[in-house]
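Counting in this note's numbering, the sequence shown tops out at residue 813, every number present.
We put the CB at the ideal spot given by N, CA and C, even for glycine.
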Amino acid sequence: MIERFVAEYDVPFRYDEATGELWRLGCFSLRFDKASLADREVAVGAYYCAMVREDVNLQLAEGLQLLRRSQELAADLKSEAGRLSAFGCYALARWFDAKGRLLYRCGNHALAQVAFREANGLVEQGIRRGLAGVSRCLADIQSNQIRNEFELTRQSGTEASKAEACRKRLKQSIESAEVCLSCGPSEYAAIEITRGLISCLHNWLSCVHVDSRPHSK
C-alpha cells in the first residue's frame, strides 16, 4: 500500500482510505525502540502517507504534529541508511520529502531545503547501492527541491537571475525520468515517475514565467 500510495491513493485523492487502513493495521502505534528494522521501515512509510494527506488538505497543524511524532524514528532510520531495504530507503526518502512539503507550505523554505536535500541524498544512495525501484521518486523529489530553492530566491529578490539554472536542472530531471519510463517499470512505478515528470514541467514553466516578466534580466 505504501509503495503504491502515489499511484493508487495520492493521484486519485484517496488519502482517507489509505491512511485509515494503515491506522487499522497499527502502523502508527509501533514501539519504535522495540521494533525490527523492517517494522520501522513500514512505520516511517505510514507517517509519510499521513503527512502527505495533511499537506494536501492544508491541515498543517496536524501534519506538523505527525512530523514531530515520527521525527525520532526517521532520524534513527537515517543513521542506519546503509542497512535499509529498497522499500525502507524509498519510504524514508518520501518521509523527508513530505517533511519538506509541509515546511514549504508553512513558508519555512530554509528548513524545507534541508529536508529535500536529505530526501534526494537517500534516493541517490539507494541508486548507488543498486536498490530496485528507488529511483521512481527521484524526479518528484528533485522537482520539489528545485521549486523550493526558487522560492528562496524570491525572498532575496534574485529569482530572475536564478531562473535559467533552475530550468536546466529541471530539464535534467525530466530527461532522467524519461529514461526511467523507457526501462519498462511496473504500472504503479510508471505512474509515480510520470507524476514527477509532470511536476518538473510545471515548475519549469514557473521559471519561464519569471524570465518573461518585464523586469527580468
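Collapsed DSSP secondary structure at residue i in the structure displayed
i: Phe-609; result: coil
i: Ser-772; result: helix
i: Ser-782; result: coil
i: Ser-632; result: coil
i: Arg-791; result: helix
i: Glu-897; result: In the structure displayed, the chain extends from 597 to 813; residue 897 sits before or after that span and is not available.
i: Arg-627; result: coil
i: Ala-728; result: coil
i: Gly-622; result: coil
i: Lys-813; result: Unreliable positioning characterises Lys-813 in this predicted model, as indicated by a pLDDT of 36, which lies under 50. The coordinate reading is nonetheless provided below. Here Lys-813 sits in coil by DSSP.
i: Ser-808; result: Only weak support is given to the placement of Ser-808: the predicted model assigns it a pLDDT of 48, under 50, and the question is left unresolved by the model.
Under 8 angstroms between C-beta atoms of residue i and residue j
i: Lys-764; j: Phe-746; result: no
i: Val-796; j: Cys-762; result: At residue 796 the sequence reads Cys, which differs from the Val that was named. Result no, Cβ atoms of Cys-796 and Cys-762 do not sit closer than 8 angstroms.
i: Ala-603; j: Glu-788; result: yes
i: Tyr-605; j: Glu-599; result: no
i: Leu-688; j: Val-640; result: yes
i: Arg-725; j: Ala-785; result: no
i: Gly-722; j: Val-710; result: no
i: Leu-680; j: Glu-637; result: yes
i: Ala-773; j: Ile-737; result: no
i: Asp-693; j: Asn-653; result: no
i: Glu-578; j: Leu-662; result: The structure shown does not extend to residue 578, since the chain spans only 597 to 813, so no value can be given for it.
i: Leu-698; j: Leu-656; result: yes
i: Tyr-643; j: Ser-666; result: yes
i: Ser-750; j: Val-607; result: The residue asked about is misnamed: residue 750 is Arg in this sequence, not Ser. No. Outside cutoff.
i: Arg-743; j: Asn-799; result: yes
i: Leu-801; j: Ala-735; result: no
i: Phe-624; j: Leu-633; result: no
i: Ala-677; j: Leu-727; result: no
Residue i - containing alpha helix (DSSP H), residue span
i: Asn-716; result: 705-724
i: Leu-734; result: 734-752
Alpha helix (DSSP H) runs wholly inside the segment 648-713, at least 4 long, in chain order: The segment 648-713 contains these whole alpha helix (DSSP H) runs: 656-674, 682-701.
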